[in-house]
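K.L.:
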Amino acid sequence: MHISEGVMSAPVLITGAALAAAGISVGLKKMDSDKIPEVAVLSSVFFVASLIHVPIGPSSVHLIINGINGLLLGWLCFPSILVALTLQAILFQFGGITVLGVNTVNMALPGVICYYLFGRLVSRERRIVSLVAAFSCGFFAVLFSGILVALSLVFTEESFMPVAKLIVLAHMPVMIIEGIITLFCVAFLKRVKPELLGGIYGKGS
Amino acid sequence: MEKVRRIQISLLILFVASLFVISIDLPALAHKVTIFAWVEGDTIFTESKFSGGKRAINAQILVFDSQGKQLLEGETDRKGEFSFKIPRITDLRIVLNAAMGHKAEWTIPESEIKQAIGAAENKGAPGSSQPIAVSLNKEEIKKLIEDSLDRKLRPIVRMMAESQSKGPSVTEIIGGIGYIFGLMGVALYFMSRGKKKNRENCND
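Protein chains in written order, with the working numbering: chain A, 1 to 205; chain B, 1 to 204.
Okay, structure coming up:
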């Protein structure tokens, strides 16, 4: 899902960087010292998740974990994912420094969207509702990421629909796996630390 | 107390996650595409794969000369390989365009192509098929050595290309996690300093 360097044209890169900067500034504004350890941990989780390779599918796909990131952090997943992507670019040569903005938006924005779509549902009392919402959160975050990647590739020579189809199909197994991972995380957190899930709403920040 | 527990749980999750990662076969993981090209006689061979070692099938290959003019275009076969005759003696830039935003390139310098063509022509020359003891001037010996060196070194060059596409090592992963926690420390430090100042101001 990381777009390599030299694929995209300058306008796309600049737009991506601007959007990422906006998201990060919103995230940083909402960050307080209680939240920092959580951001760091989820950043690390994102950082290592890309190394978990899913052998099914026609291409090289890996876990993304932006659903959980978005669900637990909200807008804070922008800084969290930026840090992880920067380190991945430097240490593993995944993606690259110039495409950092676009990649950050592609991964973090779906997280934020899923936070608004499913965050409330996940913190519901009823177990079944919250678990279904958790699964959808992991599932749709990857789906949206795929669509965003396809969108950012439109402006190079490739056309949208075939690329989008290809990416979404390739990430089908990842979506399902991430849905299940998110589900288990939520089930675990509900039992051990329910404030983590509803915390952001509770504080009203 | 509340905060401490939260951090403890977070750390526990991280620990379990990293164990999970490390226990999985590491080299077969990453997410990058590479192309490797070499010259043999008058043909250029390329090999493309994702860094997990998976071949890049049906990926587009573009060949450019030193001025950036496109010379030819092709597609990798089922083994991720693609070969073509040398279109022109110049620096060749071979670009691999795998789908979904994956791209890589490899440049073959003009000198390498010239050498390979020279060696191929020499191989075909009648002199080389005669008994060696008869007549070998300096030039011929040099060519023969170069020729066999080329052949012997090829697997090594290939091996180097393979190692280039290895996934990230455990050290790098742990290092990355360390960086993130370092950043967390810095952020917490500055935040707590700000709070202290506020508190002191209140006390005054």
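Using N, Cα and C, we set each Cβ at its ideal position, and we do this for glycine too.
The model shown is predicted, which means the values in this text are computed figures rather than measured ones.
Say whether chain B places a C-beta atom closer than 8 Å to the C-beta of residue 118(A).
P.N.:
Here residue 118(A) refers to the residue found at position 118 of the first sequence. Judged by the 8 Å Cβ criterion, residue 118(A) is not in contact with chain B.
K.L.:
Nearest-angstrom Cα distance between residue 107(A) and residue 47(A)?
P.N.:
On the first sequence, residue 107(A) is found 107 positions in, with the first residue counted as 1. On the first sequence, residue 47(A) is found 47 positions in, with the first residue counted as 1. Rounded to the nearest angstrom, the two C-alpha atoms are 12 Å apart.
K.L.:
Which partner residues does residue 25(A) have in the DSSP bridge list?
P.N.:
The sequence position of residue 25(A) within the first sequence is 25, counting from 1. Note: residue 25(A) sits in no beta bridge, so no partner.
K.L.:
Residue ranges of each beta strand (DSSP E) run of no fewer than 3 residues wholly in the segment 111–182 of chain A, ordered along the chain?
P.N.:
Those beta strand (DSSP E) runs which fall completely within the segment 111–182 of chain A and span 3+ residues do not exist here.
K.L.:
Do residue 114(A) and residue 67(A) have their beta-carbon atoms positioned less than 8 Å apart in this structure?
P.N.:
Stepping through the first sequence from its first residue, residue 67(A) is reached at position 67. Stepping through the first sequence from its first residue, residue 114(A) is reached at position 114. Contact flag set, yes.
K.L.:
Below 8 Å between beta carbons: does that hold for residue 61(B) and residue 80(B)?
P.N.:
Position 61 of the second sequence, counted from the first residue, corresponds to residue 61(B). Position 80 of the second sequence, counted from the first residue, corresponds to residue 80(B). Cβ distance not < 8 Å, so residue 61(B) and residue 80(B) don't count as in contact.
K.L.:
Between which residues of its own chain and residue 201(A) is the CB-CB distance below 8 Å, once the five residues before and five after are set aside?
P.N.:
Position 201 of the first sequence holds residue 201(A). Note that residue 201(A) scores 46 on pLDDT, short of 50, meaning its location in the model is unreliable; the coordinates nonetheless yield the value given after this. Closer than 8 Å at the Cβ level, and outside the excluded window around residue 201(A), lie 119, 120 and 123.
K.L.:
Assign residue 28(A) to buried or exposed, taking buried as 16 or more other Cβ atoms, counted over all protein chains shown, within 10 Å of its Cβ.
P.N.:
Mapped onto the first sequence, residue 28(A) falls at position 28. Exposed.
K.L.:
Less than 8 Å between the CB atoms is what I'm expecting for residue 33(A) and residue 191(B), so what's the real figure, rounded?
P.N.:
If you number the first sequence from 1, residue 33(A) lands on position 33. If you number the second sequence from 1, residue 191(B) lands on position 191. Right, their Cβ atoms sit about 4 Å apart.
K.L.:
Please identify the residue among 180(B), 189(B) and 39(B) whose C-alpha is closest to the C-alpha of residue 107(B).
P.N.:
What you label residue 107(B) is simply residue 107 of the second sequence in a count that begins at 1. It is 39(B).
K.L.:
Starting from residue 37(B), trace the beta strand (DSSP E) in both directions and tell me its first and last residue.
P.N.:
Here residue 37(B) corresponds to residue number 37 of the second sequence, with the count starting at 1. Unbroken beta strand (DSSP E) run through residue 37(B): 33–40.
K.L.:
Which one of 50(B), 142(B), 137(B) and 37(B) has the shortest CA to CA distance from residue 63(B)?
P.N.:
For this step, residue 63(B) is matched to residue 63 along the second sequence. Looking at the Cα atoms, 37(B) is the closest of the given residues.
K.L.:
So if I threshold CB-CB distances at 9 Å, which residues from the segment 23–47 of chain A count as touching chain B?
P.N.:
So the list reads 31, 32, 33, 34, 36, 37, 38, 39, 40, 41, 42, 43, 44, 45 and 47, given in the order they occur along the chain.
K.L.:
Might you give, ordered along the chain, the residues of its own chain that have their beta carbon closer than 6 Å to the beta carbon of residue 109(B), omitting 5 neighbours on each side?
P.N.:
In the second sequence, the residue the question calls residue 109(B) occupies position 109. Same-chain partners within the cutoff: 91.
K.L.:
Rounded to whole angstroms, what is the Cα-Cα separation between residue 150(B) and residue 142(B)?
P.N.:
Here residue 150(B) corresponds to residue number 150 of the second sequence, with the count starting at 1. Here residue 142(B) corresponds to residue number 142 of the second sequence, with the count starting at 1. Using only the alpha carbons, I get a separation of about 12 Å.
K.L.:
Hey, quick one: how far does the beta strand (DSSP E) through residue 97(B) stretch, first residue to last?
P.N.:
Within the second sequence, residue 97(B) is the residue found at index 97, counting from 1. 92–98 is the extent of the beta strand (DSSP E) around residue 97(B).
K.L.:
For a cutoff of 8 Å on Cβ pairs, would you count residue 169(A) as touching chain B?
P.N.:
In the first sequence, the residue the question calls residue 169(A) occupies position 169. No, its Cβ sits nowhere closer than 8 Å to a Cβ of chain B.
K.L.:
Judging by CA-CA distance, which residue of 150(A), 181(A), 39(A) and 91(A) is the nearest neighbour of residue 161(A)?
P.N.:
Here the question's residue 161(A) lines up with position 161 in the first sequence. Looking at the Cα atoms, 150(A) is the closest of the given residues.
K.L.:
In chain B, what lies closer than 9 Å to residue 7(A) by C-beta?
P.N.:
Residue numbering aside, residue 7(A) sits at position 7 when the first sequence is read from its first letter. Correct list: 97, 101, 102 and 103.
K.L.:
Buried or exposed for residue 31(A), please, with buried defined as at least 16 other CB atoms from any protein chain shown within 10 angstroms of its CB.
P.N.:
Translated into positions along the first sequence, residue 31(A) becomes position 31. Residue 31(A) comes out buried.
K.L.:
Among all the DSSP beta bridges, which residues are the ones paired with residue 2(A)?
P.N.:
Counting from one through the first sequence, the residue named residue 2(A) turns up at place 2. Answer is none; residue 2(A) lacks a bridge partner.
K.L.:
Interface residues of chain A around residue 192(B) at Cβ under 9 Å?
P.N.:
Taking the second sequence and counting its residues from 1, one reaches residue 192(B) at position 192. Those within 9 Å of residue 192(B) in chain A are 33.
K.L.:
Can you tell me whether residue 194(A) is buried or exposed, with buried defined as 16 or more other CB within 10 angstroms of its CB?
P.N.:
As a position in the first sequence, residue 194(A) is number 194, starting the count at 1. Residue 194(A) comes out exposed.
K.L.:
Scan the segment 139–158 of chain A for residues whose Cβ lies nearer than 7 Å to a Cβ of chain B and list them as they occur along the chain.
P.N.:
For the segment 139–158 of chain A, which is checked against every Cβ of chain B, the residues closer than 7 Å are 149 and 153.
K.L.:
Could you name the residues of chain B that residue 83(A) contacts, counting a contact when the two beta carbons are closer than 9 Å?
P.N.:
Within the first sequence, residue 83(A) is the residue found at index 83, counting from 1. The contacting residues are 179, 180 and 183.
K.L.:
Measure the Cβ-Cβ separation of residue 144(A) and residue 104(A) and say whether it is below 8 Å.
P.N.:
Reading the first sequence from its first residue, position 144 is the one you call residue 144(A). Reading the first sequence from its first residue, position 104 is the one you call residue 104(A). In this structure, residue 104(A) does not lie closer than 8 Å to residue 144(A) by Cβ.
K.L.:
In angstroms with no decimal places, state the Cα-to-Cα distance between residue 130(B) and residue 117(B).
P.N.:
If you number the second sequence from 1, residue 130(B) lands on position 130. If you number the second sequence from 1, residue 117(B) lands on position 117. Because the pLDDT at residue 130(B) is just 49, under 50, the model does not fix this residue reliably, and the value given afterwards should be weighed accordingly. Taking the straight line joining both Cα atoms gives about 21 Å.
K.L.:
Quick check on the DSSP output: the alpha helix (DSSP H) that includes residue 43(A) runs from which residue to which?
P.N.:
In the first sequence, residue 43(A) corresponds to position 43, counting from 1. From DSSP, the alpha helix (DSSP H) with residue 43(A) extends over 36–49.
K.L.:
Spatial neighbours of residue 92(A) within its chain, please: CB distance less than 7 Å, with the 5 preceding and 5 following residues excluded, ordered by chain position.
P.N.:
As a working mapping, residue 92(A) is identified with position 92 in the first sequence. So the list is empty, once near-sequence residues are dropped.
K.L.:
Tell me, which residues are paired with residue 15(A) by DSSP?
P.N.:
Residue numbering aside, residue 15(A) sits at position 15 when the first sequence is read from its first letter. None, per the DSSP bridge assignment.
K.L.:
Checking contacts by CB at 8 Å: is residue 4(A) closer than that to chain B?
P.N.:
Counted from its first residue, the first sequence places residue 4(A) at position 4. Yes, residue 4(A) counts as interfacial toward chain B.
K.L.:
Using DSSP with H/G/I as helix, E/B as strand and the rest coil, what is residue 60(B)?
P.N.:
For this step, residue 60(B) is matched to residue 60 along the second sequence. Reduced to three states, the DSSP call for residue 60(B) is strand.
K.L.:
Taking DSSP as the reference, what is the three-state secondary structure of residue 81(A)?
P.N.:
To locate residue 81(A), count along the first sequence from 1; it is residue 81. Residue 81(A) falls in the helix class under three-state DSSP.
K.L.:
Just tell me which of 12(A), 138(A) and 4(A) has its CA closest to the CA of residue 154(A).
P.N.:
As a working note, residue 154(A) is residue 154 in the first sequence. Out of 12(A), 138(A) and 4(A), 12(A) has the C-alpha closest to the C-alpha of residue 154(A).
K.L.:
Run through DSSP, which three-state label would residue 55(B) get?
P.N.:
Indexing the second sequence from 1 puts residue 55(B) at position 55. DSSP places residue 55(B) in strand when its eight states are reduced to three.
K.L.:
Taking only three categories from DSSP, how would you classify residue 70(B)?
P.N.:
For the purposes of this step, residue 70(B) is taken as the residue at position 70 of the second sequence. Strand at residue 70(B).
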